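Colleague:
Number of protein chains: 2
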Amino acid sequence: MARIVMKFGGTSVADLDRIRHVAGLVEAEAKAGHEVAVVVSAMSGETNRLVALVDALDGDTDNADTIDDEYDHIVASGEQVTSGLLAIALRRKGLKARSWLGWQIPLMTDFAYSKARISGIKSPAMDESLKSGTIGVVAGFQGITTDNRISTLGRGGSDTSAVAIAVALKADRCDIYTDVDGIYTTDPRIVKNARRLDRISFEEMLELASLGAKVLQTRSVELAMNNDLPIRVLTSMAKDGEPNPGTLVCNEVNDMEERVVSGVAYSRDEAQITLLRLKDKPGMVAKVTRAMSDANVIVDMIVQGISRSDNAANLTFTVGKRDLEKALAALNASKDAIGFEGIKSDDNVSKVSIVGIGMRSHTGVAQTMFEALAERGINVEVIATSEIKISVLIDSEYTELAVRALHAAFELETA
Amino acid sequence: MARIVMKFGGTSVADLDRIRHVAGLVEAEAKAGHEVAVVVSAMSGETNRLVALVDALDGDTDNADTIDDEYDHIVASGEQVTSGLLAIALRRKGLKARSWLGWQIPLMTDFAYSKARISGIKSPAMDESLKSGTIGVVAGFQGITTDNRISTLGRGGSDTSAVAIAVALKADRCDIYTDVDGIYTTDPRIVKNARRLDRISFEEMLELASLGAKVLQTRSVELAMNNDLPIRVLTSMAKDGEPNPGTLVCNEVNDMEERVVSGVAYSRDEAQITLLRLKDKPGMVAKVTRAMSDANVIVDMIVQGISRSDNAANLTFTVGKRDLEKALAALNASKDAIGFEGIKSDDNVSKVSIVGIGMRSHTGVAQTMFEALAERGINVEVIATSEIKISVLIDSEYTELAVRALHAAFELETA
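These protein sequences, in sequence, are chains A and B. Start counting the first sequence at 1; every next residue gets the next number (the numbering used here). Start counting the second sequence at 1001; every next residue gets the next number (the numbering used here).
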């Protein structure tokens, strides 16, 4: 017997038929003898409906008083409804079940309304309830502040609350049901023979998640890794009786598949900025990154160009595409302070990455990657590496070609 | 400066335009220097939408496990949304405001989910908040049980929660905004020159409420009377600047208008049952009322017919029209135990009543009433009286005629 937390997103509980289907999935785990807590999102569309109500009111005036606490108060009602409905659907199957709201658990957060972070969960009452064989149905995405008001973890925060609840409940596993049946070697829409991975390490998943594979939120993977809680990603759309093994995200273990590269990720949300003829003196890069962080712009890849005879250099880095204008404005405002002569920018770039824990102990990975790209005539603008990944910035037009080339070069289509 | 609780029902907050209008009404009281708490219902239609979701799931099986706790958990979300929206609308007018849920106040109730009764309200936090000049926007209709779960006070329970909150906050007055502009001498749809009352006593209002005038819930009036809290009934539909005095429901005071009869009420939800040739022996009526209460049927008017030479009598009483079949089944099942020979029933009857605190000290009221009815050829089947009301049961066809005759006979159209 294990204790399992199951998490279902908005499309998995989109209507009463889907909720009944979810009740069947939960029933199967409960009948297998497990203690089960379920974390649910709002029915899809519901959060948008509530946000639209708030936005319509909020557009009334220029009064800039914060309304984030009331926003959370309103939006949290979506998960409240779903959690109650699923509890009823489970009771109608003859199971013991009850719903839990963030404040009832309680799931404590900080005061960053609408994007709160979890500060702690202690739930002796819920622990007791699960031990007694009652399925707990938790409204995801919400918590409570120390002044007794509802907070929400931000859009999509229900992965994170599911993992946090699983950690707090000392669950053996957190199963995240979604609209795909696991983690793939790359995006199956680009590579037809992309393969579902049976297992992947936390670190690889973190790299993939932050590199643009949108299956799991980065924060939820970090939290699971820090607490050594295995996450299983699987589909909520499987028909009754169909096998649905998903992908297990867990610590690196001995029996993990022998492979060098686990996956190829890509992101089109990139923009490249080059500062021309920058004075090459100590602290110059720090001045640039300071200007960016002051403007709330996150700098990702960064590379310093070849030093020139006149003691000046080019500095190239990437930012999120939606931050490009903000970044350029901040740089131009600090032009003299930083000391550069010109700016070039390009938002027609993509980042393509290979990720694999095996890269730690294998050589020649970079060479295989660059040869595969060079053979297709793909020019690499910027390179960034970590212990378990290599990312390259390329012209956007070549994105799919690069992904396919790398997937084939590392033979990811075979088990 | 006074402390005022304002209550708005579902049609008053039906959409964002109505919510903005309500914000204007609240602003006026706040700007007059009052401390204001507002109690709101769900946007009209929202509770029905939520109930329909529950009903659709609940119809799945014959499993009779109670789901009332989850029903409350789900349905309470409607008021949650409205309270947040109104708080935002008030902030957008530059006012300080925040929302309060039942569990945040906390408003404690018993465990009768879906029809809970308030057991206590202690709200030092809300009291402090109001004193600091922050308008409190309370989600009506909901509370919390001692095991930390959401309860609701039953459909329409928001009048009662508004009054209870007003009592707990030691408010000077509870203003109940509704779709009519006050309490009338009778239904203006029947009597064109029915007149809005400036004031009415709690006792009269209680009689009118229980006799079918649906403006205020009986429980809310009882609660206000027991705590000597004046209620003002007024419309939420008045345009800006229009006078909107409403009707004040309060204790009988010296300057109350001199009048014998305050209003005429009617109800078509009645059915009449006559037990024929009942053995006239002690305890016979008790046997009948016991049979009815065992079947959860409330008996209203009751009258024993003229004793006959064979020591048998007829017993006539009224029940709610929707309980008639249940009542007849229960009576037939107890026919021998009670001891009667036959049953007649009629659901084509109405109850028409006059109510007035002045009846305590005036004679001739009954005579005026029966003469007015007799002049129109209206036959009275059953009569029931209390200190401040007289009710008659008549053929339904004559309802409007009787109401108009009594309204004229007591000159209610004049101030």
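Beta carbons are placed, not taken as given, at the ideal position from N, Cα and C, and that holds for glycine. Keep in mind the model is a prediction, meaning the values are calculated, not measured.
How many Å lie between Phe-8/A and Thr-235/A at the Cα?
Modeller: Between Phe-8/A and Thr-235/A, the C-alpha separation is close to 9 Å.
Colleague: Could one say the Cβ of Arg-1049/B lies closer than 7 Å to chain A's Cβ atoms, at least one of them?
Modeller: no
Colleague: In or out: Gly-241/A buried (at least 16 other Cβ within 10 Å) or exposed?
Modeller: exposed
Colleague: Answer with buried or exposed for Asn-1421/B, where buried requires no fewer than 16 other C-beta atoms within 10 angstroms of its C-beta.
Modeller: Residue 1421/B lies beyond the range of chain B shown here (1001 to 1415); nothing can be said about it.
Colleague: Under 8 Å, with one C-beta from each stretch per pair, do the segment 1133-1153 of chain B and the segment 1078-1090 of chain B reach the 3-pair mark?
Modeller: yes
Colleague: I'd like to know if Gln-142/A contacts chain B, where contact means its C-beta is closer than 7 Å to some C-beta of that chain.
Modeller: So, not an interface residue.
Colleague: Decide if Pro-243/A is buried, meaning its Cβ has at least 16 other Cβ atoms within 10 Å, or exposed.
Modeller: Exposed.
Colleague: On a CA-only basis, which of Thr-185/A, Asn-332/A, Val-349/A is nearest Lys-287/A? Give me that one, please.
Modeller: Asn-332/A
Colleague: Closest Cβ-Cβ distance between Ala-56/A and chain B: below 7 Å?
Modeller: yes
Colleague: If the cut-off is 8 Å on Cβ atoms, which residues from the segment 1005-1030 of chain B count as contacting chain A, listed in chain order?
Modeller: Leu-1016, Ile-1019, Arg-1020
Colleague: Pick helix, strand or coil for Met-108/A, following the three-state DSSP scheme.
Modeller: It is a strand residue.
Colleague: Can you tell me which of the three DSSP states Phe-410/A falls into?
Modeller: coil
Colleague: Just the chain A side, please: which residues come within less than 7 Å of Glu-1070/B by C-beta, in chain order?
Modeller: The contacting residues are Gly-84, Ala-87, Ile-88, Ser-99.
Colleague: Quickly, what does DSSP pair Ala-1037/B with across the bridge? List them, please.
Modeller: Val-1005/B, Gly-1136/B
Colleague: To the nearest angstrom, report how far apart Tyr-1197/B and Met-43/A are at their CA atoms.
Modeller: Here residue 1197/B turns out to be Leu, not Tyr, going by the sequence shown. Distance between the alpha carbons of Leu-1197/B and Met-43/A: 48 Å.
Colleague: Is there a Cβ from chain A that is less than 7 Å from the Cβ of Ser-1077/B?
Modeller: yes
Colleague: The alpha helix (DSSP H) spanning Gln-1367/B covers which residue range?
Modeller: 1365-1375
Colleague: Identify whether Ala-162/A lies in helix, strand or coil by the three-state DSSP scheme.
Modeller: Collapsing the DSSP output to three states places Ala-162/A in a helix.
Colleague: What does DSSP give as the partner residues of Glu-222/A in its beta bridges?
Modeller: None; Glu-222/A has no bridge partner.
Colleague: Look up Lys-351/A in the DSSP assignment and give the residues it is bridged to.
Modeller: Ser-267/A, Leu-393/A
Colleague: How many angstroms separate the CA atom of Asp-1346/B from the CA atom of Val-1221/B?
Modeller: 32 Å
Colleague: Say whether chain B places a C-beta atom closer than 7 Å to the C-beta of Gln-80/A.
Modeller: yes
Colleague: Comparing the C-beta of Arg-1091/B with each C-beta of chain A, is any distance below 7 Å?
Modeller: Put simply, the CB of Arg-1091/B is near chain A, with a gap under 7 Å to one of its CB atoms.
Colleague: Does the distance from the CB of Leu-401/A to the CB of Arg-376/A come in under 7 Å?
Modeller: yes
Colleague: Using a Cβ cut-off of 9 Å, pull out every chain A residue sitting near Ile-1067/B, in sequence order please.
Modeller: Gly-84, Ala-87, Ile-88, Arg-91, Arg-92
Colleague: Check the DSSP bridge columns for Arg-1322/B and list the partner residues they point to.
Modeller: For Arg-1322/B, which the question treats as bridged, DSSP gives no partner whatsoever.
Colleague: My output table needs one value for Ser-77/A: the three-state DSSP class, helix, strand or coil.
Modeller: In this structure, Ser-77/A counts as helix in the three-state DSSP scheme.
Colleague: List the residues of chain A whose Cβ lies closer than 8 Å to the Cβ of Leu-1053/B, in chain order.
Modeller: Leu-16, Val-81, Leu-85
Colleague: Using DSSP bridges, identify the partner residues of Thr-1289/B.
Modeller: Note: Thr-1289/B sits in no beta bridge, so no partner.
Colleague: Would you kindly work out how many angstroms separate the C-alpha atoms of Lys-279/A and Tyr-177/A, rounded to a whole number?
Modeller: In this model, Lys-279/A and Tyr-177/A are separated by some 52 Å (Cα to Cα).
Colleague: I want to see whether chain A comes within less than 7 Å of Ile-1200/B, judged by CB atoms only; does it?
Modeller: no
Colleague: Classify Arg-199/A: buried if its beta carbon has 16 or more other beta carbons within 10 angstroms, exposed otherwise.
Modeller: buried
Colleague: In its own chain, which residues sit with a C-beta less than 8 Å from the C-beta of Arg-360/A, not counting the 5 before and 5 after it?
Modeller: Only Glu-387, Ile-388 meet the Cβ criterion.
Colleague: Can you grab the Cα-Cα spacing for the pair Tyr-1113/B / Asp-172/A, in whole Å?
Modeller: 34 Å
Colleague: Taking only beta-carbon atoms, is Ile-1074/B less than 7 Å away from chain A?
Modeller: Closer than 7 Å: yes.
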